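J.: First, the structure itself, so that you have it in front of you.
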Amino acid sequence: MAQNVFEPWNDPAEKPLIQFKGVTKRFGEFVAIDNQTFDIYEREFFALLGPSGCGKTTMMRMLAGFETPTEGTILLGGQDMAPIPPNKRAINMMFQSYALFPHLSVWENIAFGLRRDNKPKAEIEARVAEMLKLTRLEQFAKRKPHQISGGQRQRVALARCLAKAPKLLLLDEPMGALDAKLRQATQFELMDIQEKTGTTFVIVTHDQEEAMTVASRVAVMDNGRIIQADTPARIYEMPNSVYVADFIGEVTIIPGKVHRRDKGYDVTFAEGQPTLYSEFDAEFDNGQTGYLALRPEKVAISAERPEGRTNAVQGKIIDIAYLGNLSTYHVVLPNGQKIKAQTANTRRLSRRDFTWEDTVWLSWTDTAAVLLKG
Amino acid sequence: MRRISWFNATSLTLGFAFLYLPMIILIIYSFNESKLVTVWAGFSTKWYGTLMSNQAFLDAALVTAKVALASSSIATVLGTMAALVLVRAGRFYGRTLFSGMIYAPLVMPEVITGLSLLLLFIGIGLDRGVFTIILAHTTFTMCFVSVVVSSRLVTFDRSLEEAALDLGCSPFDAFRLVTLPIIAPAVISGWLLAFTLSLDDLVIASFTAGPSSTTLPIKIWSAVRLGVSPEINALSTIMIGIVAAAVIAASLMTKRASLRQQADERAAVRA
Ligand SMILES: Nc1ncnc2c1ncn2[C@@H]1O[C@H](COP(=O)(O)OP(=O)(O)O)[C@@H](O)[C@H]1O
Ligand SMILES: [Mg+2]
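Going down the list, the sequences are from chains H and S.
Taken in order, the first sequence gives residues 131 to 504; the numbers are from my numbering.
Taken in order, the second sequence gives residues 27 to 297; the numbers are from my numbering.
Written as structure tokens, this is what we have:
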């Protein structure tokens, strides 16, 4: 299937919509955003992911114009945004706190931005109706924000910033209060809106799965810095650091001394344990400490030592996390190193092969793990 | 329901009697038939009638109404603006001094406020009249408005204004369409407070009033010095009525706003 991949960041001819150039934001002594330079392209769905307090909201607020960078510049479509006040930017933001107007009805909240543009009445009504339908709020149009539930309020906030169909939409944890079904429906709606209108989204989320589902690129942040910004697949399969590997999904980190061999590295991680081998393109000095990052689903679990695998270790099952479709086995090696292995539950529960305290073999291919510097 | 002990009941009764007995006596005697204030001679509303035909009192009432309306309105605008700046403007150099200075008139003896204003008006050669009373009342009621409005603004969520800006409002529109409607109850109760303060002020008004611009409190004060008449009782009863209505309206408004806020918070917790 030949598909036109959407990767504007790999195309030097493509002009970025948003450019952060050496942007630093300080609150007094505290550095909230630390000298960041990166681009976001038109029609992207750019997800900011990171622990609470790492600067995601601050990033959004600088884009929307509510905070000015202490240093550096932010360009939108090549234009320096510094002198442009928030109400003159073709950007809409959905606030983490929703910021619904308490004295206005749901309908009036959604119509608020449209009315500011002095659009004809019929057009406003049509657009609000469309938004109400999209967010399934038709029967709440006349209610005030305090008369609806948290999830409904979140949808009003979403509808309000979508209504103006801006060039750039900033969504600060837009789906935190929605239940799983509605969240999924809203995610698809967002992607659909993007298909139709070509809007660029910058979205803050706590939910990795959400970031993985909707994002063209995911930026993993820590302490005011973007550690890695890449496609969901690359973030997951090719994390650039232990922090990113650990933040996204489940992972086992095995620290060890590395030595060059063939197309990869040998990793010796403990006395009396076999030397592991990872075919991975990276620059290490012999004897340097490296960290093997191993996704649990890439680790096979078996009763006998598998044939022809370099990477095979023996350990004891200490815990089994049953997730319905999957089970994660926590296996501890004699030296105390824990490794997670995941299997699909193709059989019924009562007929599982392994249980607590069983001694099992774990194995993985030469290319399964990534080798990280820290 | 808890029983109220006899001690509590007594203190309650004594306290309220102390507060309201004089006023109740005044109100009762305003309906006295007799001209003698201390002798009850049957029910009558005739003093209200004579009051209505007393031109001097009607003039004074008109001056008082003008002064109270104008000064409380100006004070509301200025006080709200001061509150906005003091609550919003972050930390600027001398902020504490400014906010202290705006509240100082609250505790300043009225005699001193009145005297200093009098000196100012004489100094700049301003003829004393309705206009000078309005200025004086604006000055001393503004800080009350400011206190009421800033206590509301402290809990006002700035992100609402930011959302308005984000949706394309100019800063003034954001204030007009979002901030003001939300803080309106506080602004209105500030206005009512300023109105009643202006209505019953005697000290500052007597310093700043001219011969042709007597307010009701001044009129009553000077009339009483010649002897209490039932007419004065009637007039005072009317004033008590107006002030009570204003105060009750203000407190109902605050109460309703706080109830609604609580409802909002409960809804938020439930969500
Ligand atoms: N106006 C402010 N004044 C001082 N510190 C702030 C301000 N806004 C944010 N911060 C700090 O900056 C850091 C990043 O905040 P924020 O961007 O809201 O984080 P996130 O949205 O990722 O949880 C936090 O430590 C926060 O305390
Ligand atoms: Mg945040």
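Where a beta carbon is used, it is the ideal one built from N, C-alpha and C, also for glycine.
Predicted, not measured: the structure shown is a model, and the values here were computed from it.
1) Kindly examine ligand 1 and report whether one of its heavy atoms sits closer than 7 Å to the Cβ of residue 182(H).
2) Leaving out the 5 sequence neighbours to the left and right, which residues in its chain are closer than 8 Å to residue 247(S) when beta-carbon positions are compared?
3) If you follow the beta strand (DSSP E) that residue 442(H) is part of, which residue opens it and which one closes it?
4) Smallest Cα separation from residue 268(S): which of 225(S), 289(S), 279(S)?
5) Residue 32(S): buried (16+ other C-beta within 10 angstroms of its C-beta) or exposed?
6) Should residue 415(H) go down as buried or exposed, given a rule of 16 or more other Cβ atoms within 10 Å for buried?
7) Interface residues of chain S around residue 242(H) at Cβ under 7 Å?
8) Since residue 499(H) contacts residue 408(H) with CB under 8 Å, what's their CB separation in whole angstroms?
9) For the region 184-201 of chain H, enumerate the residues whose C-beta is nearer than 9 Å to any C-beta of chain S, in chain order.
10) At the level of alpha carbons, what is the spacing between residue 259(S) and residue 250(S)?
11) Give a yes or no on whether the minimum CB-CB distance between residue 281(S) and chain H is below 8 Å.
12) Please work out which residues of its chain come closer than 6 Å, Cβ to Cβ, to residue 239(S), disregarding the five sequence neighbours upstream and downstream, and give them in chain order.
13) Would you verify that the beta carbon of residue 213(S) is, or is not, closer than 8 Å to some beta carbon of chain H?
14) For residue 486(H), is the classification buried or exposed, using 16 other Cβ atoms within 10 angstroms of its Cβ as the cut-off for buried?
15) Taking 7 Å as the line, does the beta carbon of residue 176(H) fall inside it for any heavy atom of ligand 1?
16) Select from the region 244-265 of chain H all residues with a C-beta closer than 7 Å to any C-beta belonging to chain S, and list them in chain order.
17) Going by beta-carbon coordinates alone, are residue 429(H) and residue 492(H) separated by less than 8 Å?
18) Mind listing the chain H neighbours of residue 186(S)? Cutoff is C-beta to C-beta under 7 Å, in chain order.
19) In angstroms, rounded to a whole number, what distance separates the CA positions of residue 169(S) and residue 133(S)?
20) Against chain H, with Cβ distances strictly below 8 Å, would residue 297(S) count as a contact?
21) Cα separation between residue 190(S) and residue 256(H)?
22) If you check the beta carbons only, do residue 204(S) and residue 231(H) fall under 8 Å apart?
23) Taking only beta-carbon atoms, is residue 294(H) less than 8 Å away from chain S?
24) For residue 39(S) and residue 53(S), I'd like the C-alpha separation in whole angstroms.
25) Hey, residue 384(H) and residue 422(H) are a contact pair by Cβ (cut 8 Å); roughly how many whole angstroms apart?
26) Find out if the Cβ-Cβ distance for the pair residue 179(H), residue 335(H) is shorter than 8 Å.
27) Sort 466(H), 476(H), 188(H), 439(H) by Cα distance to residue 447(H) and report the nearest one.
28) Starting from the N-terminal side, write out each stretch of the beta strand (DSSP E) that is 3 residues or longer and does not extend beyond the region 206-268 of chain H.
29) For residue 122(S), I'd like the list of residues in its chain whose CB is within less than 8 Å of its CB, leaving aside the five on either flank, ordered along the chain.
30) What is the DSSP secondary structure of residue 336(H), reduced to helix, strand or coil?
31) With a threshold of 8 Å between beta carbons, is residue 132(H) in contact with chain S?
32) Between which two residues does the beta strand (DSSP E) harbouring residue 322(H) extend?
33) In whole angstroms, give me the CA-to-CA distance for residue 138(H) and residue 209(H).
34) So with Cβ pairs under 8 Å, would you call residue 270(H) a contact of chain S?
35) Looking at residue 317(H) and residue 344(H), is the spacing between their C-beta atoms short of 8 Å?
36) Does DSSP classify residue 378(H) as helix, strand or coil?
T.: Reading from the atomic positions:
1) Because some heavy atom of ligand 1 lies under 7 Å away, the Cβ of residue 182(H) counts as near it: yes.
2) Within its own chain, the residues whose Cβ lies closer than 8 Å to the Cβ of residue 247(S), once the five positions on either side in sequence are excluded, are 228, 232, listed in chain order.
3) Counting along the chain, the beta strand (DSSP E) containing residue 442(H) begins and ends at 441-452.
4) The residue with the shortest Cα to Cα distance from residue 268(S) is 225(S).
5) Its Cβ having fewer than 16 others within 10 Å, residue 32(S) is exposed.
6) The residue is exposed, with fewer than 16 neighbouring Cβ atoms inside 10 Å.
7) Chain order gives the chain S residues near residue 242(H) as 193, where near means a beta carbon separation below 7 Å.
8) With a contact defined as Cβ atoms closer than 8 Å, residue 499(H) and residue 408(H) qualify at about 5 Å.
9) The residues in question are 191, 194, 195, 196.
10) Rounded to the nearest angstrom, the two C-alpha atoms are 10 Å apart.
11) No, because no Cβ of chain H sits closer than 8 Å to the Cβ of residue 281(S).
12) The answer, listed in chain order, is 89, 155, 156.
13) Cβ-Cβ to chain H under 8 Å: no for residue 213(S).
14) Taking every protein chain shown into account, the CB of residue 486(H) has fewer than 16 other CB atoms within 10 angstroms, so this residue is exposed.
15) Checking the Cβ of residue 176(H) against ligand 1 gives no.
16) Only those residues of the region 244-265 of chain H whose C-beta falls short of 7 Å from the nearest C-beta of chain S are listed: 246, 247.
17) Taking 8 Å as the Cβ cut-off, residue 429(H) and residue 492(H) qualify as a contacting pair.
18) What residue 186(S) touches in chain H: 229, 231.
19) About 10 Å.
20) Confidence at residue 297(S) is low in this model, with a pLDDT of 47, below 50, so the placement of that residue should be treated as unreliable; the coordinate-derived value is given next. Closer than 8 Å to some Cβ of chain H, the Cβ of residue 297(S) qualifies, so yes.
21) The alpha-carbon atoms of residue 190(S) and residue 256(H) are separated by roughly 21 Å.
22) With a cutoff of 8 Å on beta-carbon distance, residue 204(S) and residue 231(H) are scored as near each other.
23) With 8 Å as the cut-off, residue 294(H) counts as an interface residue toward chain S.
24) Looking at the two C-alpha atoms, the distance is approximately 19 Å.
25) Contact annotation, residue 384(H) with residue 422(H): C-beta distance approximately 4 Å; criterion of less than 8 Å satisfied.
26) Contact flag set, yes.
27) Comparing Cα-Cα distances from residue 447(H) to each of 466(H), 476(H), 188(H), 439(H), the minimum goes to 466(H).
28) Contiguous beta strand (DSSP E) elements confined to the region 206-268 of chain H occur at 221-224, taking only those with 3 or more residues.
29) If we look at residue 122(S) and ignore the five residues flanking it on each side, it has no Cβ neighbours.
30) Coil.
31) In this prediction, residue 132(H) scores a pLDDT of 43, lower than 50, which makes its location untrustworthy; the coordinate-derived value is nonetheless stated afterwards. Not closer than 8 Å to any Cβ of chain S, the Cβ of residue 132(H) fails to qualify, so no.
32) For residue 322(H), there is no enclosing beta strand (DSSP E); the residue is found in the alpha helix (DSSP H) stretching over 310-327.
33) When rounded, the distance between both Cα atoms is 19 Å.
34) The beta carbon of residue 270(H) does not come within 8 Å of any beta carbon belonging to chain S, so the residue lies off that interface.
35) Against a cut-off of 8 Å, the Cβ pair of residue 317(H) and residue 344(H) comes out as a contact.
36) Here residue 378(H) sits in coil by DSSP.
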